[in-house]
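One structure below.
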Amino acid sequence: MKILTVNFLTCAVKACKTSPLSFPLHFRDAELEQSDIGYNPSFLRNILPRVDWEALKVTATELGFTTVPSEKPNLDPAPSNTDLPAPETAMETSEPDVADEKVMRDLHTLLLETEVREGKMVCGNCGHEYKIKEGIANFLLPSHLGR
Amino acid sequence: MYSSEAQSDSELYEEAHVHKVYEQIASHFSSTRYKPWPIVERFLKDLPDGSVGLDVGCGNGKYLAVNPNVFIIASDRSNNLVKIATKHQPHTAIVADNLTLPHPNASFDFAVSIAVIHHLSTPDRRIQAVAAILSILRPSIKGQGGGSQNNGGKTLIYVWALEQEHSRRGWKEGDEQDVMVPWVMKQKPTAESSEESKTFNRYYHLYRQGELEHDIAEAGGLVLESGYEKDNWWAIAIRKPG
Ligand SMILES: [Zn+2]
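Chains as they are written, first to last, in my numbering: chain A, -8 to 138; chain B, 722 to 963.
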């Protein structure tokens, strides 16, 4: 399971969703693996506005990543596929910034290429543990918690 | 509402007649499911780049291949199907129940649930499944001047239709809506078994015309568009504004 995914997960117990303690879920005994996913800067730029940065920092720290910037990087969204600028305009306005490029590469590695293979995610509100096995997180609840 | 005892009975029923079956037929089922349905494909391709959403009951994840410019968190009850679904980048797949989705409320731009809700065995649980999807969608934001605008997160829901006289099943208006549908899995005869095929029965609730729209309204949704495509009823809906 990707680190980006964790930013969109919370406890499956309905009563927990309204508690700020249930987000993000907390990792225990996580085993990580690097995968190789094609680098797509426009995907990252478009997704970044949707990332809860404080939650991502919590997750990254728990997994031992220390290089996440303290503030969300301010990157221009990629031009949408409906209004692509003419090629010469693109050259002028979106000259690749070396520092941005480094931030983007690091985010790509962290958000998309880092997989949690084994471990648990724990709800900070109710304490329920969700297991991750062979890269797949399981959120099925025992029936007494599912109501 | 159903009592928790009745609820638990329907959970056990679905476990036996839906979840266990998909777990066993996963790879064979997957090999027959690769062509996206046109309405679903259009819905996913029309999303703005960078949208974040869910595929609830993703099966083998065939819809995850449609648009790589959005991020989809796909889920299914079947671990074996989720294993197959995880191969579609940049998306992700988890094991979850569609009545207890592990996602924050009111946060997603879209959700699709294709050929899933018809596997729930009571009217109440089918409405709960729609409500669970609506609850994770972004609500609409009032436009300038306070007028309501239908700009919230959107869901596309697909269910099997009762009205399919021209299909090989031949069901039609007035027929029984709660049915068991066989899945025949061909297999090579082995030392232990000479059988050449094995039949699994899956439970389905076949939707009458108008029933999906009714369930969506009951669940607190507003239908923006709906129709019939190849033996299925479909609807695009948002959370009812304000
Ligand atoms: Zn919880």
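Virtual Cβ for every residue (Gly too), placed ideally from N, Cα, C.
From a predicted model like this one, the values you see are computed outputs, not experimental measurements.
Close CB contacts of Ile862 of chain B within its chain, under the 8 Å cut and outside five residues either way in sequence, are with Gln870, Asn872, Gly873 (chain order). Here the distance from the Cβ of Asn116 of chain A to the nearest heavy atom of ligand 1 is below 7 Å. Contact fails between the region 896 to 908 of chain B and the region 844 to 859 of chain B, because fewer than three Cβ pairs, one in each stretch, are under 8 Å apart. Three or more Cβ pairs closer than 8 Å define a contact, and the region 750 to 761 of chain B falls short of that threshold against the region 813 to 827 of chain B. Nearest Cα to Ile794 of chain B within the set B:Asn801, B:Val787, B:Leu802, B:Val777: B:Val777.
Contact note: Ile815 of chain B reaches chain A through Met(-8), Thr(-4), Leu0, Ile127, Ala128, Asn129, Phe130, using a C-beta cutoff of 8 Å and chain order. Per DSSP, the unbroken beta strand (DSSP E) holding Lys122 of chain A starts and ends at 120 to 124.
The beta-bridge partner set that DSSP reports for His926 of chain B consists of B:Asp899. In this structure the region 833 to 841 of chain B touches the region 767 to 786 of chain B; the number of beta carbon pairs closer than 8 Å is three or more. Proximity of chain A to His809 of chain B at the Cβ level (cut-off 7 Å) is not reached, the minimal Cβ distance being about 11 Å.
At the C-beta level, Val(-3) of chain A and Cys117 of chain A stay beyond 8 Å of one another. When only Cα atoms are considered, Ser796 of chain B and Ser10 of chain A end up about 23 Å apart.
In the structure shown, Arg889 of chain B adopts coil according to DSSP, grouped into three states. Ser918 of chain B has its CB no nearer than 7 Å to any heavy atom of ligand 1. What Glu762 of chain B touches in chain A, judged by beta-carbon distance under 9 Å, is nothing: the nearest beta carbon there is about 16 Å away.
Neighbours of Lys804 of chain B across chain A, judged by C-beta separation under 8 Å: Glu125, Ile127. Look at His840 of chain B here: in three-state DSSP terms it is helix. Under the three-state reduction of DSSP output, Phe750 of chain B falls in the helix class. Ligand 1 has a heavy atom closer than 7 Å to the beta-carbon of His119 of chain A. For Asp776 of chain B, the uninterrupted beta strand (DSSP E) segment begins and ends at 773 to 777. Chain B places no beta carbon closer than 8 Å to that of Asn65 of chain A, leaving this residue out of the contacts. Spatial neighbours of Asn790 of chain B in its own chain (CB-CB distance under 6 Å, excluding positions within 5 residues in sequence) are listed in chain order as Asp770. One alpha carbon belongs to Trp44 of chain A, the other to Pro64 of chain A, and they sit about 10 Å apart. Closest in C-alpha terms to Pro962 of chain B, from the list B:Leu945, B:Trp955, B:Trp954, comes B:Leu945.
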